[in-house]
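Here's the structure we're looking at; comments come further down.
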């Protein structure tokens, strides 16, 4: 184990030196651009409606991002609902009314402020997982039946990250919310969502009205291990 640790230290030093994404080569530049795109994705909570991209373009961008994501056994279990304009506002009004019923009156103002921040954005993407697809795969491959719900969550996470990163690269801010499952019944009714779709997350997006604080990172040696 001591030898492995020593090898890991050497590799980390050498790889760090070699993988600084030198921009003098075309392939290195492509890698740098991709990493830069990933770094643009931050949690932006102060959002606005000053978006100059068309709704049609944004809808196509979001759909293509989800379509391009991998899924276990090519299940394609992730389904999305894109809300903009009045539909976006209606969604957050429904969320607010659900919160009003659940949150004690003396602290509701804080919950309302958070919902209003989301409502101030330009649009919302609802991420669902099709439970019928998952159940069909469980029957088809019973040996992995217990794993399919786990893989479904991973698939959804990749779709959320892909959409979030695409929006960030387009110059928009976004934050990921999780008001489910308390809103599930009301939202299913309000937007006529198929009952076999399970809501996993809500990504609200819009113009960046206040930038995110500088991000702090844990030490690499506490998170990464490299062996060869």
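Residue numbers (this note's numbering): 28 to 255. Idealized CB from N, CA, C, for every residue including glycine.
Cα-Cα, which of 67, 62, 61 and 143 is closest to residue 241?
Working through the chain shown from its first residue, we reach residue 241 at position 214. Considering only alpha carbons, the answer is 67.
Based on the DSSP output, what are the partners of residue 156 in its beta bridges?
In the chain shown, counting from the first residue as 1, residue 156 sits at position 129. Beta-bridge pairing links residue 156 to 105 and 225.
Using the Cα positions of residue 178 and residue 100, report the straight-line distance between them to the nearest angstrom.
Taking the first residue of the chain shown as 1, we reach residue 178 at position 151. Taking the first residue of the chain shown as 1, we reach residue 100 at position 73. For residue 178 and residue 100, the distance between alpha carbons rounds to 10 Å.
What does a CB cutoff of less than 8 Å around residue 161 pick up in its chain, not counting 5 residues either side in sequence?
Here residue 161 is taken as the residue at index 134 of the chain shown, counted from 1. Closer than 8 Å at the Cβ level, and outside the excluded window around residue 161, lie 102, 104, 175, 176 and 179.
For residue 235, collect the residues of the same chain with a Cβ closer than 6 Å to its Cβ; drop the 5 residues on either side in sequence, then sort them by chain order.
Position 208 of the chain shown, counting from 1, holds the residue named residue 235. Once the five neighbours on either side are set aside, the close Cβ partners of residue 235 are 71 and 200.
Going by DSSP in three states, residue 214 sits in which element: helix, strand or coil?
The residue labelled residue 214 in the question sits at position 187 within the chain shown. Three-state result, residue 214: helix.
If you compare alpha carbons, which of 173, 150, 254 and 116 is closest to residue 84?
Start at 1 with the first residue of the chain shown, and residue 84 comes out as number 57. The residue with the shortest Cα to Cα distance from residue 84 is 150.
Can you check DSSP and say which residues form a bridge with residue 151?
Position 124 of the chain shown, counting from 1, holds the residue named residue 151. Answer is 110 and 231.
Residue environment, residue 155, which counts as buried when at least 16 other CB atoms sit within 10 Å
Counting from 1 along the chain shown, the entry for residue 155 is found at position 128. Per the 10 Å Cβ criterion, buried.
Candidates 233, 139 and 120: closest to residue 197 by CA position
Counting from one through the chain shown, the residue named residue 197 turns up at place 170. When only C-alpha atoms are compared, the closest one is 233.
Outcome for residue 202 when other beta-carbon atoms lying within 10 angstroms are tallied against a minimum of 16:
Along the chain shown, one-based indexing puts residue 202 at 175. Its Cβ being crowded by 16 or more others within 10 Å, residue 202 is buried.
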